[in-house]
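Working notes, beginning with the structure itself.
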Amino acid sequence: MHYDVFNGDADGIIALLQLRLSKKEKQPSEFTLITGVKRDISLLKQVDVNLAESVTVLDISLEKNNDALARLLEQEVKVFYVDHHRTGDIPQSKQLFSLLDTDANTCTSLLVNKHLDDEFVLWAITAAFGDNMQASAEELSGKLGLSSKQQSQLKELGIYINYNGYGRSVEDLHFHPADLFRKLLKYSDPFELINEQGSIFSQLKSAYLADMHQAKNADVLVENTSFKAVQLADEPWARRVSGVFGNDLANISPDKAHAVLTLNESALNTNYSYTVSLRAPLSNKQGAGELCASFPTGGGRAAAAGINALPQKMLGDFFDSVSKYYA
Ligand SMILES: [Mn+2]
Numbered sequence: 028m029h030y031d032v033f034n035g036d037a038d039g040i041i042a043l044l045q046l047r048l049s050k051k052e053k054q055p056s057e058f059t060l061i062t063g064v065k066r067d068i069s070l071l072k073q074v075d076v077n078l079a080e081s082v083t084v085l086d087i088s089l090e091k092n093n094d095a096l097a098r099l100l101e102q103e104v105k106v107f108y109v110d111h112h113r114t115g116d117i118p119q120s121k122q123l124f125s126l127l128d129t130d131a132n133t134c135t136s137l138l139v140n141k142h143l144d145d146e147f148v149l150w151a152i153t154a155a156f157g158d159n160m161q162a163s164a165e166e167l168s169g170k171l172g173l174s175s176k177q178q179s180q181l182k183e184l185g186i187y188i189n190y191n192g193y194g195r196s197v198e199d200l201h202f203h204p205a206d207l208f209r210k211l212l213k214y215s216d217p218f219e220l221i222n223e224q225g226s227i228f229s230q231l232k233s234a235y236l237a238d239m240h241q242a243k244n245a246d247v248l249v250e251n252t253s254f255k256a257v258q259l260a261d262e263p264w265a266r267r268v269s270g271v272f273g274n275d276l277a278n279i280s281p282d283k284a285h286a287v288l289t290l291n292e293s294a295l296n297t298n299y300s301y302t303v304s305l306r307a308p309l310s311n312k313q314g315a316g317e318l319c320a321s322f323p324t325g326g327g328r329a330a331a332a333g334i335n336a337l338p339q340k341m342l343g344d345f346f347d348s349v350s351k352y353y354a
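Using the working numbering, the letters of the sequence shown map in sequence onto residues 28 to 354.
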């Protein structure tokens, strides 16, 4: 059995999409999909070591899946691993073929695109926009001579697919990421999807616009010259929109770091905590991963990172260290 293990965001879904649409890749006759909400990155342990012959792993940190990877390699399972998050120690094994690059301007779908020599470059651009890699997406669009209208269409699609991955659990999402992947597999050309009436593109678009409309009224918790933090309600719409809303804030004020917080449980509970999504300033894409990793349950990349449960009593410390870091 072959397993495809991928992050449920635009980058993860579209990385797999490129591989499974490809005429250049040897396609598995049977495969099992393992994915989840964007935050659910400890996915590799769900692979059944006894059934697996080969595994493709996309857009989830190797550091966070190290034990499961070691177990698979020990059992001589072939692993193809593509990612741009923190790697930790990379195991040495003949069974492991990896494309790992933690450069802040690349993402998993761009690495897959390079591997496939631009076979589905329009999808790769869509994913880069979805992962908020504006500069890389525009550069690649420029090389292809895409019009600004075409670019903004791919950007919209990338944002909507990315938006679908955010939630506390898959129940919060409009589409389970595995279902969304299967639906997208019908389109080798993203423009075909965009131009189709009543497609998943237009369904995601109206859902996105409704959620973003609510997010515009978010409470501002702190704002200074280097940092802005806002809090969203503990509702499914807020959990869905938190990440893309953070990207939106970052694009409006590129020299500021931004955090979007949502309460994990009622503030009446004395030990309440926040889910935090932190974006480094677009003009200075560094430090977010380290800042988040210095708090329990935190981690991520230099440009975008998060904390799954920041205790309320550490909120002030978090605000101080982020403000100081980017000042
Ligand atoms: Mn990614």
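Each residue gets a CB set at the ideal place from its N, CA and C atoms; glycine is no exception.
None of the values given here were measured: they were computed from a predicted structure.
Going by DSSP, what residues sit across from P338 in a beta bridge?
-> In the DSSP output, where bridge partners are listed per residue, P338 has S300.
Simplified DSSP state of H203, which is helix, strand or coil | Secondary structure at H203: coil, using DSSP grouped into helix, strand and coil.
Indicate the three-state DSSP secondary structure (helix, strand or coil) for T83 in the structure shown.
-> It is a strand residue.
Where S281 falls, given that 16 or more other Cβ within 10 Å makes a residue buried = Correcting the residue type first, residue 281 is Pro in the shown sequence and not Ser. Around the beta-carbon of P281, fewer than 16 other beta-carbon atoms lie within 10 Å, marking it exposed.
Look at the alpha carbon of P323 and the alpha carbon of R113, and state the distance between them as a whole number of angstroms.
-> Those two C-alpha atoms are separated by around 17 angstroms.
Own chain, CB closer than 6 angstroms to A320, minus 5 neighbours either side, in chain order = Correct list, in chain order: G326.
Based on the DSSP secondary-structure assignment, which residues constitute the bridge partners of G333?
-> Bridge partners of G333: S304, G326.
Could you tell me how far apart the beta carbons of L212 and R47 are, in whole angstroms, since I believe they sit closer than 8 angstroms?
-> R47 and L212 do touch by the CB rule: their CB atoms are close to 6 angstroms apart, below 8 angstroms.
Look at the Cβ atom of R98, then the Cβ atom of R195, and state whether they are nearer than 8 angstroms.
-> Going by C-beta atoms, R98 is not nearer than 8 angstroms to R195.
Check whether V148 and L126 have beta carbons under 8 angstroms apart = V148 is not a Cβ neighbour of L126, given a cutoff of 8 angstroms.
Going by the C-beta, is H111 closer than 7 angstroms to any heavy atom of ligand 1?
-> A heavy atom of ligand 1 is found nearer than 7 angstroms to the CB of H111.
Could you name the residues of the same chain whose beta carbon sits closer than 7 angstroms to that of D238, not counting the 5 residues immediately before and after it, in chain order?
-> Contacts found: W264, R267, V268.
Do C319 and ligand 1 come close, with the Cβ less than 7 angstroms from some heavy atom?
-> Between ligand 1 and the CB of C319, the shortest heavy atom gap is not smaller than 7 angstroms.
Does the pairing of the stretch 56-75 with the stretch 226-245 give three or more beta-carbon distances under 8 angstroms?
-> Flag = no, the stretch 56-75 and the stretch 226-245 do not touch.
Does the beta carbon of D158 fall short of 7 angstroms from some heavy atom of ligand 1?
-> Within the cutoff, so yes.
Quick one: what's got a C-beta closer than 6 angstroms to L276's C-beta in the same chain, skipping five residues either side?
-> For L276, the CB contacts under 6 angstroms within the same chain, skipping 5 residues up- and downstream, are H285 in chain order.
Is the beta carbon of I40 less than 8 angstroms from the beta carbon of I152?
-> In this structure, I152 does not lie closer than 8 angstroms to I40 by Cβ.
Would you say the stretch 152-163 touches the stretch 48-58, given that touching needs at least three Cβ pairs under 8 angstroms?
-> As far as the Cβ criterion goes, the stretch 152-163 does not touch the stretch 48-58, which means the pair count is below three.
Is any heavy atom in ligand 1 found nearer than 7 angstroms to the beta carbon of T135?
-> At least one heavy atom of ligand 1 lies less than 7 angstroms from the C-beta of T135.
Mind pulling the alpha helix (DSSP H) runs of 4 or more residues that sit fully within the stretch 156-200?
-> DSSP runs (the alpha helix (DSSP H)) wholly in the stretch 156-200: 161-171, 175-191.
Which residues DSSP lists as bridging K255, in chain order = E250, H285, per the DSSP bridge assignment.
Who does T59 pair with in a DSSP beta bridge?
-> DSSP lists Y30 as the bridge partner or partners of T59.
So, helix, strand or coil for S125, using DSSP?
-> DSSP, reduced to helix, strand and coil, places S125 within a strand of the structure shown.
For the alpha helix (DSSP H) that contains V139, what are its first and last residues?
-> Where V139 is concerned, the enclosing alpha helix (DSSP H) stretches over 135-142.
Could you tell me whether the stretch 60-67 touches the stretch 191-210, using the rule of 3 or more Cβ pairs below 8 angstroms?
-> By the Cβ criterion, the stretch 60-67 is in contact with the stretch 191-210, since at least three pairs of Cβ atoms, one from each stretch, lie closer than 8 angstroms.
Residues near S81 in its chain [Cβ-Cβ closer than 8 angstroms; skip 5 each side] = Cβ within range, chain order: H29, Y30, P55, V104, K105, V106, F107.
Same chain, Cβ closer than 8 angstroms to D67, neighbours up to 5 away in sequence not counted | Counting only Cβ-Cβ distances below 8 angstroms, and skipping sequence neighbours, we find G35.
State the Cα-Cα distance for the pair H313 and N251, rounded to the nearest angstrom.
-> The sequence as given places Gln at residue 313; His does not occur at that position. Cα to Cα, Q313 sits roughly 19 angstroms from N251.
What is the DSSP secondary structure of L48, reduced to helix, strand or coil?
-> If DSSP states are grouped into helix, strand and coil, L48 belongs with the helices.
CA nearest to the CA of L43, picked from H111, V139, L96, L337 = Cα-wise, what sits closest to L43 is V139.
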